[in-house]
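2 protein chains.
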Amino acid sequence: MSYIAPVKDMLFVMNELAGIEQLASLPGFEDATPETAQAVLEEAVKLCGDVIAPLNVEGDRNPSSWHNGEVKATPGFAEAFRQFAEGGWQGVQHPTDYDGQGLPKLIATACIEMLNAANLSFALCPLLTDGAIEALLTAGTEEQKQRYVPKLISGEWTGTMNLTEPQAGSDLALVRTRAEPQGDGTYRIFGTKIFITWGEHDMASNIVHLVLARTPGAPEGVKGISLFTVPKFLVNDDGSLGARNDVHCVSIEHKLGIKASPTAVLQFGDHDGAIGQLVGEENRGLEYMFIMMNAARFAVGMQGVAVSDRAYQKALAYAKERVQSRPVDGSAKQAVTIIHHPDVRRMLATMRSLTEASRALAYVAAAHSDIAHRHADAATRERHHAIYEFLVPVVKGWSTELSLEVTSLGVQVHGGMGFIEETGAAQYYRDARILTIYEGTTAIQANDLVGRKTVRDGGAVAKALLAEIGQTVEALGAHEGAAFDAMRTQLAQGQRALQSVVEYVVGNAKGDPNAVFAGSVPYLKLAGIVLGGWQMARAMLIAAGKHAEDPAFYEAKIATAQFFAQHVLPQAGALEVSIVTAKGGEGVFALAEDQF
Amino acid sequence: MSYIAPVKDMLFVMNELAGIEQLASLPGFEDATPETAQAVLEEAVKLCGDVIAPLNVEGDRNPSSWHNGEVKATPGFAEAFRQFAEGGWQGVQHPTDYDGQGLPKLIATACIEMLNAANLSFALCPLLTDGAIEALLTAGTEEQKQRYVPKLISGEWTGTMNLTEPQAGSDLALVRTRAEPQGDGTYRIFGTKIFITWGEHDMASNIVHLVLARTPGAPEGVKGISLFTVPKFLVNDDGSLGARNDVHCVSIEHKLGIKASPTAVLQFGDHDGAIGQLVGEENRGLEYMFIMMNAARFAVGMQGVAVSDRAYQKALAYAKERVQSRPVDGSAKQAVTIIHHPDVRRMLATMRSLTEASRALAYVAAAHSDIAHRHADAATRERHHAIYEFLVPVVKGWSTELSLEVTSLGVQVHGGMGFIEETGAAQYYRDARILTIYEGTTAIQANDLVGRKTVRDGGAVAKALLAEIGQTVEALGAHEGAAFDAMRTQLAQGQRALQSVVEYVVGNAKGDPNAVFAGSVPYLKLAGIVLGGWQMARAMLIAAGKHAEDPAFYEAKIATAQFFAQHVLPQAGALEVSIVTAKGGEGVFALAEDQF
Numbered sequence: 000m001s002y003i004a005p006v007k008d009m010l011f012v013m014n015e016l017a018g019i020e021q022l023a024s025l026p027g028f029e030d031a032t033p034e035t036a037q038a039v040l041e042e043a044v045k046l047c048g049d050v051i052a053p054l055n056v057e058g059d060r061n062p063s064s065w066h067n068g069e070v071k072a073t074p075g076f077a078e079a080f081r082q083f084a085e086g087g088w089q090g091v092q093h094p095t096d097y098d099g100q101g102l103p104k105l106i107a108t109a110c111i112e113m114l115n116a117a118n119l120s121f122a123l124c125p126l127l128t129d130g131a132i133e134a135l136l137t138a139g140t141e142e143q144k145q146r147y148v149p150k151l152i153s154g155e156w157t158g159t160m161n162l163t164e165p166q167a168g169s170d171l172a173l174v175r176t177r178a179e180p181q182g183d184g185t186y187r188i189f190g191t192k193i194f195i196t197w198g199e200h201d202m203a204s205n206i207v208h209l210v211l212a213r214t215p216g217a218p219e220g221v222k223g224i225s226l227f228t229v230p231k232f233l234v235n236d237d238g239s240l241g242a243r244n245d246v247h248c249v250s251i252e253h254k255l256g257i258k259a260s261p262t263a264v265l266q267f268g269d270h271d272g273a274i275g276q277l278v279g280e281e282n283r284g285l286e287y288m289f290i291m292m293n294a295a296r297f298a299v300g301m302q303g304v305a306v307s308d309r310a311y312q313k314a315l316a317y318a319k320e321r322v323q324s325r326p327v328d329g330s331a332k333q334a335v336t337i338i339h340h341p342d343v344r345r346m347l348a349t350m351r352s353l354t355e356a357s358r359a360l361a362y363v364a365a366a367h368s369d370i371a372h373r374h375a376d377a378a379t380r381e382r383h384h385a386i387y388e389f390l391v392p393v394v395k396g397w398s399t400e401l402s403l404e405v406t407s408l409g410v411q412v413h414g415g416m417g418f419i420e421e422t423g424a425a426q427y428y429r430d431a432r433i434l435t436i437y438e439g440t441t442a443i444q445a446n447d448l449v450g451r452k453t454v455r456d457g458g459a460v461a462k463a464l465l466a467e468i469g470q471t472v473e474a475l476g477a478h479e480g481a482a483f484d485a486m487r488t489q490l491a492q493g494q495r496a497l498q499s500v501v502e503y504v505v506g507n508a509k510g511d512p513n514a515v516f517a518g519s520v521p522y523l524k525l526a527g528i529v530l531g532g533w534q535m536a537r538a539m540l541i542a543a544g545k546h547a548e549d550p551a552f553y554e555a556k557i558a559t560a561q562f563f564a565q566h567v568l569p570q571a572g573a574l575e576v577s578i579v580t581a582k583g584g585e586g587v588f589a590l591a592e593d594q595f
Numbered sequence: 000m001s002y003i004a005p006v007k008d009m010l011f012v013m014n015e016l017a018g019i020e021q022l023a024s025l026p027g028f029e030d031a032t033p034e035t036a037q038a039v040l041e042e043a044v045k046l047c048g049d050v051i052a053p054l055n056v057e058g059d060r061n062p063s064s065w066h067n068g069e070v071k072a073t074p075g076f077a078e079a080f081r082q083f084a085e086g087g088w089q090g091v092q093h094p095t096d097y098d099g100q101g102l103p104k105l106i107a108t109a110c111i112e113m114l115n116a117a118n119l120s121f122a123l124c125p126l127l128t129d130g131a132i133e134a135l136l137t138a139g140t141e142e143q144k145q146r147y148v149p150k151l152i153s154g155e156w157t158g159t160m161n162l163t164e165p166q167a168g169s170d171l172a173l174v175r176t177r178a179e180p181q182g183d184g185t186y187r188i189f190g191t192k193i194f195i196t197w198g199e200h201d202m203a204s205n206i207v208h209l210v211l212a213r214t215p216g217a218p219e220g221v222k223g224i225s226l227f228t229v230p231k232f233l234v235n236d237d238g239s240l241g242a243r244n245d246v247h248c249v250s251i252e253h254k255l256g257i258k259a260s261p262t263a264v265l266q267f268g269d270h271d272g273a274i275g276q277l278v279g280e281e282n283r284g285l286e287y288m289f290i291m292m293n294a295a296r297f298a299v300g301m302q303g304v305a306v307s308d309r310a311y312q313k314a315l316a317y318a319k320e321r322v323q324s325r326p327v328d329g330s331a332k333q334a335v336t337i338i339h340h341p342d343v344r345r346m347l348a349t350m351r352s353l354t355e356a357s358r359a360l361a362y363v364a365a366a367h368s369d370i371a372h373r374h375a376d377a378a379t380r381e382r383h384h385a386i387y388e389f390l391v392p393v394v395k396g397w398s399t400e401l402s403l404e405v406t407s408l409g410v411q412v413h414g415g416m417g418f419i420e421e422t423g424a425a426q427y428y429r430d431a432r433i434l435t436i437y438e439g440t441t442a443i444q445a446n447d448l449v450g451r452k453t454v455r456d457g458g459a460v461a462k463a464l465l466a467e468i469g470q471t472v473e474a475l476g477a478h479e480g481a482a483f484d485a486m487r488t489q490l491a492q493g494q495r496a497l498q499s500v501v502e503y504v505v506g507n508a509k510g511d512p513n514a515v516f517a518g519s520v521p522y523l524k525l526a527g528i529v530l531g532g533w534q535m536a537r538a539m540l541i542a543a544g545k546h547a548e549d550p551a552f553y554e555a556k557i558a559t560a561q562f563f564a565q566h567v568l569p570q571a572g573a574l575e576v577s578i579v580t581a582k583g584g585e586g587v588f589a590l591a592e593d594q595f
């Protein structure tokens with residue numbers, strides 16, 4: 000089966016939870032009405048469903064391949080990429096000044112979800128290009144912007160991020176790649192970069208590598224890293240392609256999943272040095288790279304939502320078709336489709352509710368980003384920026400951790416067939432496994448959440464969100480019935496649990512950093528559960544108000560939220576116990592290194 | 000790196016938690032002393048570490064292959080199997096009357112753990128043979144036992160279980176394979192069986208298939224299924240091999256993991272019918288098959304423990320070697336090995352404590368099985384049998400679900416390298432994924448736990464175990480310090496949570512089966528967490544008593560238990576909330592089939 004984008008659910012979140020109408024009142028977003036959003040999504044459905052999703056299995060069976068420094072993408076990918084580029088999809092959220100469409104990140108986020116659900120491997124190429132565009136727009140000179148950005152937006156060229164080296168993974172302080180100034184404004188780059196996604200391929204005529212390297216005499220550590228553009232082919236002043244640059248793909252990795260996306264080892268400067276240009280100021284490369292990283296982290300969070308939805312769709316279709324065993328309640332004498340069996344139903348409801356909650360949280364975050372960029376009032380911009388920054392590690396960390404659970408349940412629903420590769424459920428399980436690792440592992444996200452997003456402002460943003468959750472709990476009190484009762488009780492307990500952990504984190508990060516950071520991933524998961532549950536609660540309230548307009552749709556929203564309240568939110572309490580009450584941070588260090 | 004069996008940990012569990020000394024007082028087990036156990040384990044270490052573990056990666060890269068109805072095992076497997084067979088390892092737990100060693104299941108369990116940790120794919124062949132031996136010993140005629148069992152124990156032949164058909168997976172009522180009596184005491188078998196592990200291979204001279212089929216006029220459903228022996232080569236009266244039987248391997252599956260173990264589609268009776276012999280009485284096949292299944296389910300639980308330990312060993316080695324980033328507590332100015340980072344430490348402690356808890360619970364279950372088989376007193380036998388029966392679905396379901404988490408953490412500890420196949424961590428992640436599916440999915444185990452193991456006796460066994468846990472909680476009160484405090488508090492809460500769920504299950508299974516079965520997997524996980532935590536608590540108490548004998552070892556036991564108390568046991572409360580307080584069973588059915 001192919002992928003059918005859940006446009007109605009997406010529009011519900013965009014319209015009702017993320018407030019797209021508000022965005023249309025922001026300067027520059029006048030055209031971004033709900034109608035525009037719907038029209039864009041309906042176009043994206045066609046491309047993703049008809050062209051890109053069908054290549055997903057092929058990419059797994061026939062991965063991109065390396066020969067003599069060149070990489071061939073899976074057959075069909077280059078043509079699909081051409082259609083993607085010609086449709087203007089790379090430019091959805093980028094400025095019209097450089098030939099983008101200038102639409103809100105919220106709309107782009109829904110498109111990105113579709114593209115990734117259709118084909119994670121394929122979608123990685125635009126994902127990295129987006130990051131390169133963001134970095135150039137923020138830190139590049141006008142000349143650099145003009146030279147690169149329109150070509151990246153048109154899809155004639157693609158972009159990459161070159162951070163990792165064999166000895167420098169999560170720890171960029173250890174970067175060793177050198178950049179030697181040539182006196183003519185250019186640099187020659189020498190070094191080896193690994194794990195470069197779409198670092199070499201045949202889908203575009205040029206590849207713009209954004210590369211972290213050290214200039215001579217730069218300070219040690221992360222404060223001595225600069226950012227460079229290193230195109231595969233040098234670019235002449237008229238925009239035409241010049242000589243082949245001295246950057247070469249020496250191999251690609253043999254991976255567990257996302258096999259169609261080539262993961263390159265790039266060698267810079269095997270001959271005379273790869274010619275690069277400084278982006279922004281010397282030694283500020285990490286700062287610029289974080290612009291790319293932040294965009295990419297959010298997008299990887301969307302990959303988690305996307306692959307979860309794809310896995311859910313597949314498992315659901317199987318569960319509605321596969322006949323096995325009589326129902327436990329005696330309601331039929333014959334074997335029934337397995338969706339009637341309680342545990343299959345529980346697994347599907349888990350997959351569905353986690354996917355919906357993580358989608359809602361991510362779209363809401365995207366809307367905060369849009370307001371942070373476009374609102375006329377500086378204080379409003381700042382407030383929304385702070386919320387977006389708080390949410391990015393949660394969206395990245397929580398959505399991707401969920402995707403491991405959801406894709407695993409997807410295999411489980413299929414029973415023995417799930418373990419057979421031809422079924423396809425296993426591919427999602429394999430593909431998803433990178434999501435909690437790249438663009439910063441879950442632990443890196445959790446460190447960010449603790450350090451820069453919670454402790455630095457004394458928990459101010461977290462507490463503001465907690466206060467809003469409290470208002471939602473109150474609003475739930477106006478409604479009756481099992482679903483609202485369950486949500487009110489469980490969201491209130493979740494809110495208290497998150498409050499307790501935020502206070503613990505703020506209060507102890509300086510005094511007992513090991514204990515606090517030992518609880519950082521549990522804190523991130525707790526934040527995801529409570530913030531995601533909050534969105535589910537908001538959805539319930541809206542569904543109750545609009546029920547008569549579309550009873551079946553809104554009842555399903557309420558029922559899905561009820562399940563989340565009963566089966567997911569209770570985990571918040573357990574996480575709080577581990578982190579705070581039971582002093583779990585101590586337990587992490589109870590065993591000395593040599594006792595392991 | 001290869002696999003180093005944790006013999007000291009295994010012996011600690013066997014001696015202190017499972018009470019091997021008691022077993023040596025049982026009739027027939029006089030030789031099964033702690034010294035014998037140690038000697039056997041030390042022999043097993045050599046075979047598993049030196050011969051079988053090194054083939055694990057090779058089996059993944061160069062899986063068993065099918066050609067023209069024949070299956071070639073991975074190079075090296077046949078020779079390793081010869082060594083396994085010649086060492087007498089197939090017979091460890093089988094009766095001396097048929098050339099087995101007659102040792103307790105407890106000792107065999109440790110050997111099985113090692114064999115599986117060394118190589119899951121390889122170990123599956125003996126695992127299935129064990130099941131065939133058990134079924135023949137229970138239901139076969141003396142002639143059948145003499146004909147097959149010594150050859151299976153010697154490893155000259157191997158055995159298989161043939162249950163599944165394309166339309167009959169979890170639901171054996173749908174089995175269609177036919178057995179037509181020939182009037183000479185034999186039957187001709189016609190049908191297709193799928194997912195037959197080691198159903199065809201070149202490691203032994205014959206394969207004894209145990210096959211479920213229906214005789215003419217048999218009742219519909221599971222009450223009309225009989226069990227047959229169908230050897231690949233017919234066996235002459237003198238034990239020599241006769242004609243090739245009409246059972247053929249038409250293909251093997253392309254799987255996510257355990258690739259070295261061929262998963263066969265077997266066609267019975269494409270020509271004149273495959274000649275088979277009835278085992279036991281007609282129409283009682285399912286009952287006999289459950290004997291095999293029960294043994295196999297326990298063994299699959301051990302596969303979960305085993306692959307978890309293997310993944311833990313690999314991740315630990317990497318974490319002690321990989322240098323990345325400075326410590327968060329400022330204790331070093333330079334990057335340190337990643338085991339110093341709190342979240343890596345937390346992941347390793349999670350892997351370690353889950354592995355130890357699931358091992359302890361399984362070994363304790365094995366000891367109950369031994370007493371159930373050998374004790375002189377019938378009432379004692381019955382009591383221990385009931386406990387063993389209660390624990391089998393928990394060992395199978397919980398240990399294997401854990402193995403998904405543990406092998407996933409194993410990938411995560413490796414960061415980006417974990418996603419590269421050459422690293423090896425991904426293989427455990429892929430291999431483990433079948434464990435929650437075959438020999439009965441987790442839901443099937445949970446149904447068994449609810450229906451036959453909890454509701455049928457009104458929760459009597461569960462409550463007896465809960466009372467014992469209560470005694471352990473009291474004993475913890477005699478000790479001071481953070482570790483004992485944490486365990487006392489969390490185990491007490493876990494015990495209350497399990498008690499509440501057992502009462503709920505017993506009280507509502509008849510009246511509201513959908514809700515109860517919707518909570519069955521959460522109940523199984525809760526039972527695993529609390530029963531596993533109980534074993535960790537027992538280990539702490541013993542460690543406190545023996546501390547002076549080996550301080551480092553016993554302190555590590557206490558610290559590991561502390562971690563389990565702080566990070567795993569709190570989940571018990573959340574599961575109880577989902578199942579009972581929040582009425583999660585209702586939420587599972589809140590969404591109608593057509594609303595999904």
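Respectively, the protein sequence lines represent chains C and Y.
All residue numbers for the first sequence refer to numbering that gives the first Met the number 0, where the first residue is 0 and numbers rise by one.
All residue numbers for the second sequence refer to numbering that gives the first Met the number 0, where the first residue is 0 and numbers rise by one.
For every residue, glycine included, the Cβ atom is placed at its ideal position computed from N, Cα and C.
Interface with chain Y (8 Å Cβ-Cβ cutoff): Glu-421 of chain C is included. In summary, no residue of the segment 219-232 of chain C has a CB separated from any CB of chain Y by less than 7 Å. Glu-252, His-253 and Lys-254: these are the residues of the segment 242-254 of chain C whose beta carbon lies less than 7 Å from some beta carbon of chain Y, given in chain order. In chain order, Phe-418 make up the part of chain Y whose C-beta sits under 7 Å from the C-beta of Ile-433 of chain C. By the criterion of at least three beta-carbon pairs nearer than 8 Å, the segment 224-234 of chain Y is in contact with the segment 202-211 of chain Y. Within 8 Å of the CB of Thr-354 of chain C, no CB atom of chain Y is found; the nearest one sits about 12 Å away. Judged by DSSP secondary structure, Pro-521 of chain C falls within the alpha helix (DSSP H) whose first and last residues are 519-545. Sequence-distant Cβ neighbours of Val-515 of chain Y in its own chain, meaning closer than 7 Å and more than five residues away, are Val-449, Val-504, Asn-507, Ala-508 and Gly-584.
For Glu-133 of chain Y, DSSP records no beta bridge to any residue. Take the alpha-carbon of Gly-58 of chain C and the one of Ala-43 of chain C: they are about 20 Å apart.
In this structure, Pro-569 of chain C lies near Ser-577 of chain Y, with their beta-carbon atoms less than 8 Å apart.
Sequence-distant partners of Tyr-427 of chain C (beyond 5 residues in either direction) whose C-beta falls short of 7 Å from its own C-beta, in its chain, are Val-306, Arg-309, Ala-310, Thr-406 and Gly-409.
When secondary structure is reduced to three states using DSSP, Val-264 of chain Y falls in the strand class. Pairing Val-587 of chain C with Pro-341 of chain Y gives a Cβ-Cβ distance under 8 Å. Within the DSSP bridge table, the entry for Lys-71 of chain C names C:Ser-64 as partners.
The alpha-carbon separation between Asn-161 of chain Y and Phe-189 of chain Y amounts to approximately 13 Å. Runs of the beta strand (DSSP E) lying entirely within the segment 257-307 of chain C and spanning at least 3 residues, in chain order: 262-267 and 273-278.
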